[in-house]
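Working notes, structure below.
In my numbering, the protein residues as written are 9 to 408.
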C-alpha cells in the first residue's frame, strides 16, 4: 500500500513526463477513495483485454512500497507509450492515471480502468474516435488574470487551438461565469477555473497544484495578472506602489517559479509568456509605479529565459499598448486617471490610443492573444527572450 503522504499532482507530473516522450499528452487521474472503496483486483488481464479491444492502448501496473516517494513510484514505469492512443498507469492504493491526446479519452479510459481494476464489471466504453489534431493538442496552459480582457481572450485562443486551459483569477464570480461559458463553447473537459491571488505564495501553490492535478502537468504559463494605478510621483502612496509591484513583478515571479518546478519534474520543456506593456520601455506621463512594475517584469522574463534554458523552457514577452475594450483595468479609476493625464474625455480613450500609433489601429484583447499563440505555437520553437510589441506601431517603444 502506498504512503498516505503521496502528492497525486506531483506523481501525475512525473508519470506524464515518462509516458509522453516525443509528444504531449493530456492526463486524467481517478483516485480510489473518491471513485470506489478498496484496492485493485489482483487479476488485471480481464479489464486490460476489455479496454484494449482492438484499440492501441498501453498499460502499466505499479505496486508501490509503504514508504515509496513519487519519484520511486514513477521510476517503475517500463518502456513508453510507443505512440499509443492512450497510456494507462494503475497505481495500487492510489488510483489510475491515463494519458491521451484528448482529455475526453483520458478521462473516460481512466474511469473505466479504475472501475474494472477494482473488481467491477466491464463498462461500456468508447473513447473519442479519430480526429484532426490542432496545433496545441496535448498542451496544458495556465493563465493568470484569466477571467477578463487579455487573459480571457488568450484562454479562448489557446482552447481554439486545442489546448486544455486553467484560468486563474481573484474575481471568483467572474471566474465561475467565464469558465462556464468557455466550457459550453470548447467542452467542459478542457477548461478549469481556480481562485488565484498572485500576491500570495500559498494561493499560487494551491492554484498550480489544482491545475497540475487536473491534467497531470503543465506546458504553458501566461503571466497576465495585473493592475494599474495612475498618478504622479507626488500623488502615489506607499501602498499604491507596493500593490502594483506585488501583483506584477512579484506575482509573475511566484507563478514562474511554480511553473518551472513542474517543468523540471516533467522533463518536457515548456513555455512562459509575460504580458508586460509598452510602458516597460517607454517613460510616460504620471505613470511611475505601473511603468516601473512592467519594466521589472520585462527584465525578469529575460533573466528567466537565461536561467530556464537548461531545462528547455522558453520565456518570451508580449508588450501591448493600451487595450481598452474588455479590460478590467480600464473599467476602474485607471481610465479616468489616464484621460485626465492626456487632457481628453474618458470615452475618447480608445480613439486617442488608436490615433497615436502608426497604423491608427485600436488594439483588442484578441490581438494580444494572437501574439501569445504565435509564441507558444509550433513555429517559433527556437526563440526565447523575445519581445513582441503589439501596439499598432509606437516609435518611442520600438525595441532597440
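We put the CB at the ideal spot given by N, CA and C, even for glycine.
From the DSSP output, in three-state form, read off residue i for me.
i           : result
residue 229 : strand
residue 108 : strand
residue 382 : helix
residue 402 : coil
residue 72  : coil
residue 50  : Confidence is the limiting factor: at residue 50 the pLDDT is only 45, short of 50, which leaves the residue's position unreliable, though a coordinate-based value still follows. Residue 50: coil per DSSP, three-state reduction.
residue 329 : coil
residue 4   : Summary: the structure shown does not reach residue 4, with the chain confined to residues 9 through 408, and so no result is reported for it.
residue 376 : helix
residue 314 : helix
residue 305 : helix
residue 38  : strand
residue 174 : strand
residue 242 : coil
residue 82  : helix
residue 204 : coil
To the nearest angstrom, report how far apart residue i and residue j are at their CA atoms.
i           : j           : result
residue 70  : residue 279 : 31 Å
residue 285 : residue 335 : 14 Å
residue 341 : residue 255 : 17 Å
residue 398 : residue 251 : 26 Å
residue 358 : residue 180 : 28 Å
residue 245 : residue 176 : 28 Å
residue 380 : residue 371 : 15 Å
residue 48  : residue 36  : With a pLDDT of only 49 at residue 48, under 50, the local geometry of the prediction cannot be trusted, and no value is derived from it.
residue 361 : residue 146 : 38 Å
residue 314 : residue 170 : 29 Å
residue 38  : residue 277 : 26 Å
residue 261 : residue 306 : 11 Å
residue 99  : residue 189 : 35 Å
residue 200 : residue 112 : 14 Å
residue 27  : residue 165 : 27 Å
residue 258 : residue 210 : 13 Å
residue 85  : residue 117 : 18 Å
residue 68  : residue 80  : 15 Å
residue 8   : residue 373 : The structure shown does not extend to residue 8, since the chain is modelled only from 9 to 408, so the question has no answer here.
residue 40  : residue 13  : 15 Å
residue 197 : residue 242 : 50 Å
residue 45  : residue 104 : In this prediction, residue 45 scores a pLDDT of 39, lower than 50, which makes its location untrustworthy; the coordinate-derived value is nonetheless stated afterwards. So the alpha carbons of these two residues sit roughly 13 Å apart.
residue 312 : residue 268 : 10 Å
residue 309 : residue 31  : 26 Å
residue 191 : residue 222 : 15 Å
residue 356 : residue 404 : 22 Å
residue 141 : residue 185 : 28 Å
residue 281 : residue 386 : 15 Å
Ignore the nearest five residues each way along the sequence and tell me which others in residue i's own chain have a CB closer than 7 Å to its CB.
i           : result
residue 263 : 152, 206, 212, 229, 231
residue 344 : 354
residue 293 : 349
residue 202 : 174, 176, 215, 218, 219
residue 82  : 19, 22, 23, 26
residue 194 : 167
Mind reading off the beta-carbon distance from residue i to residue j? Whole number of angstroms is fine, and I expect it under 8 Å.
i           : j           : result
residue 227 : residue 239 : 39 Å between Cβ atoms; not a contact.
residue 107 : residue 33  : 4 Å
residue 204 : residue 24  : About 22 Å; that fails the 8 Å criterion.
residue 114 : residue 94  : 7 Å
residue 102 : residue 270 : Rounded, the Cβ-Cβ distance is 19 Å, inconsistent with contact.
residue 155 : residue 183 : 5 Å
Among the residues of its own chain, which have a CB less than 6 Å from the CB of residue i, if the five just before and after it don't count?
i           : result
residue 322 : 279, 392
residue 394 : 324
residue 216 : 266
residue 43  : Bear in mind that the predicted position of residue 43 carries a pLDDT of just 41, short of 50, making it too unreliable to give a figure here.
residue 407 : 395
residue 178 : 205
Might you give, ordered along the chain, the residues of its own chain that have their beta carbon closer than 8 Å to the beta carbon of residue i, omitting 5 neighbours on each side?
i           : result
residue 18  : 78, 220, 273
residue 376 : 158, 161, 162, 283, 326, 328, 331, 398
residue 402 : 286, 290, 329, 364, 365, 366
residue 382 : 388, 396
residue 333 : 358, 370, 372, 373
residue 368 : 362, 400
Would you say residue i reaches chain D, if we count a Cβ-Cβ gap shorter than 9 Å as a contact?
i           : result
residue 225 : Given the protein chain composition of this structure (a single chain), no chain D is represented.
Would you call the segment 292-301 in contact with the segment 318-335, where contact means no fewer than 3 C-beta pairs closer than 8 Å?
no
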